[in-house]
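Q: Structure provided below as structure tokens; questions to follow.
Residue numbers (the numbering used here): 4 to 233.
Okay, here's the thing in structure tokens:
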């Protein structure tokens with residue numbers, strides 16, 4: 004009887020929405036945020052099935068049949084629409100052990116002499132210094148397409164990294180990482196739900212996007228070129 008009651012509670016909020024959805028996101032973001040969000044969604048809509056493709060590769064949503072992607076950075080494809088989920092800032096950080104050994108940078112140019120841990124191809128780090136944005140073209144000591152791997156290497160003392168605050172905020176508060184050049188600004192970084200523009204969006208997709216926005220974001224809708232790279 005207890006199990007039957009639990010099943011009734013599970014299905015109690017279900018609508019008649021049904022069908023299949025394909026979603027893609029980076030493994031780093033999914034591990035941090037998507038589990039609880041999709042758990043709630045599937046409890047509300049158990050007739051919807053979801054295929055989650057975790058990859059840091061930027062997929063062509065239309066040709067590969069992806070309904071919605073979680074992305075950050077520039078939106079250049081005019082066939083796509085995006086709604087903002089999270090807005091934060093990139094943070095320069097390194098382990099206290101690394102900084103004790105190699106010194107703490109005092110200005111952006113100092114980064115050129117440090118071991119730098121790079122996410123993807125982002126080896127040009129933008130930093131606001133004396134009211135102007137400067138770009139430090141760093142030489143990577145380590146590169147990975149996964150933010151979680153770059154974070155681990157930073158914690159283990161291998162160099163300076165530029166990572167999103169949502170990824171390293173806990174490490175900073177716990178002392179595993181220390182902010183580098185704390186008095187200077189680094190770019191904002193937005194995370195968006197991106198989906199193909201269409202006249203007739205399936206109800207299940209609209210409900211999923213609304214659920215992502217309700218759970219994580221503010222719902223700001225943007226068009227191509229409106230997203231600034233973080």
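Don't be surprised by glycine CBs; every beta carbon is placed ideally from N, CA and C.
Would you please state the rounded distance, in angstroms, between the beta carbons of residue 168 and residue 92? I believe it to be under 8 Å.
A: Counting from one through the chain shown, the residue named residue 168 turns up at place 165. Counting from one through the chain shown, the residue named residue 92 turns up at place 89. Correct: roughly 5 Å between the Cβ atoms.
Q: Mind checking residue 115: buried by the 16 CB within 10 Å criterion, or exposed?
A: Taking the first residue of the chain shown as position 1, residue 115 is located at position 112. So residue 115 ends up on the exposed side.
Q: Taking residue 150 and residue 170 to be in contact with their CB atoms under 8 Å, please state how far apart those CB atoms are, rounded to whole angstroms.
A: Residue numbering aside, residue 150 sits at position 147 when the chain shown is read from its first letter. Residue numbering aside, residue 170 sits at position 167 when the chain shown is read from its first letter. That belief holds up - the Cβ atoms of residue 150 and residue 170 are roughly 5 Å apart, short of 8 Å.
Q: Identify every residue that forms a DSSP beta bridge with residue 169.
A: Here residue 169 refers to the residue found at position 166 when the chain shown is read from its first residue. Answer is none; residue 169 lacks a bridge partner.
Q: Out of 204, 193, 203, 97, which has the shortest C-alpha to C-alpha gap to residue 220?
A: Within the chain shown, numbered from 1, the residue matching residue 220 stands at position 217. Residue 220 has its Cα closest to that of 193, out of 204, 193, 203, 97.
Q: Quick one: grab the DSSP three-state call for residue 62.
A: Residue mapping note: residue 62 aligns to position 59 of the chain shown, counting from 1. Three-state result, residue 62: coil.
Q: I think residue 70 touches residue 195, with their Cβ atoms under 8 Å apart; what is that distance to the nearest whole Å?
A: In the chain shown, residue 70 corresponds to position 67, counting from 1. In the chain shown, residue 195 corresponds to position 192, counting from 1. Incorrect: roughly 14 Å between the Cβ atoms, too far for contact.
Q: In its own chain, which residues sit with a C-beta less than 8 Å from the C-beta of residue 143, not counting the 5 before and 5 after it?
A: Here residue 143 refers to the residue found at position 140 of the chain shown. Hits under 8 Å: 119, 120, 121, 126.
Q: What are the boundary residues of the alpha helix (DSSP H) that residue 102 is part of?
A: Locating residue 102 in the chain shown gives position 99, where the first residue counts as 1. That run of the alpha helix (DSSP H) goes 99–105.
Q: Measure the CB-CB distance between residue 58 and residue 31 and report whether it falls below 8 Å.
A: On the chain shown, residue 58 is found 55 positions in, with the first residue counted as 1. On the chain shown, residue 31 is found 28 positions in, with the first residue counted as 1. Going by C-beta atoms, residue 58 is not nearer than 8 Å to residue 31.
Q: Measuring CB atoms only, is the region 60–69 touching the region 203–214, in the sense that at least three cross pairs come out at less than 8 Å?
A: No: fewer than three Cβ pairs fall under 8 Å.
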